[in-house]
Every structure is written in C-alpha cells, then in structure tokens.
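Below you'll find the structure, written out as structure tokens, and then a few comments.
This is the structure in structure tokens:
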C-alpha cells in the first residue's frame, strides 16, 4: 500500500500543478473578457450622461469622477497589461478634469470625446 501511495503523490502534485496553471489562464481570460465588456459600457454611459450635463458643471464633474472610479476598478481586475494601462490612463484623465463653469464643461465634453475615441482604439486592439 505504501508503494502505491508514494507513486500517487508525484502524480497528484503534477495534476494539481496542471490544474492550477489552467485555472490561472482561465481566470486571466475571464478578467480580460469582463474588462472588455465593462469598460465600453462605462464609457458609453458616461459620454451619454455628460452630454446632457453641459449646463450643470457640478453634476458633470461628479459623473466624470464616478466614471474614473469605475474604470479604475475595471483596470484593477484586468490581467492584460495593455488593457490595464489604457484603462488606468483614461480613468486618470477623467478624474483630473475640473469642471467649474459651462465653458469648462464644453471643453470637458470635447476632451472626453477625443480621449475615449483613442482609448476605444486601444481597447479594441487589446480585446481582439
């Protein structure tokens, strides 16, 4: 009996190692897929909302900060470095936008439009 169990231990260790490696790859794929679905949804919602908030700078800034936080959370979950970096960059940009007047709100909408277009290009490359 001892002979059989000593043969089984290396085989079991090998199986666990293979299974663990496979799981980490599966988790990385799931994280990437989830990020690739969540980020565009956050961006679409944000762009839609801020377009209606041009006359309410305080609400727009609140929305931009909220989007920044959500994108930061997506970036934290992303296992793909390109996806993570691009998402963090956009989150930082949105979080740094100051919207204190109607003029700044208009500028913010334009900046968000430009930056999200560039981000979506990076996202498409990272997610394909």
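Residue numbers (the working numbering): 1102 to 1229. For every residue, glycine included, the Cβ atom is placed at its ideal position computed from N, Cα and C. All figures in this text were calculated on a predicted structure; none of them were measured in a lab.
The beta-carbon separation of residue 1212 and residue 1191, rounded to 11 Å, does not stay under the 8 Å limit for a contact.
In this structure, the CA atom of residue 1203 is about 7 Å from the CA atom of residue 1157.
Secondary structure of residue 1199 (DSSP, three-state): coil. Counted as a single uninterrupted DSSP element, the alpha helix (DSSP H) harbouring residue 1166 occupies residues 1158-1178. Annotated three-state conformation of residue 1188 is helix, per DSSP. Nearest C-alpha to residue 1162 among 1227, 1206, 1221, 1222: 1206. Taking 8 Å as the upper bound for CB-CB distance, residue 1164 and residue 1150 are in contact here, some 5 Å apart.
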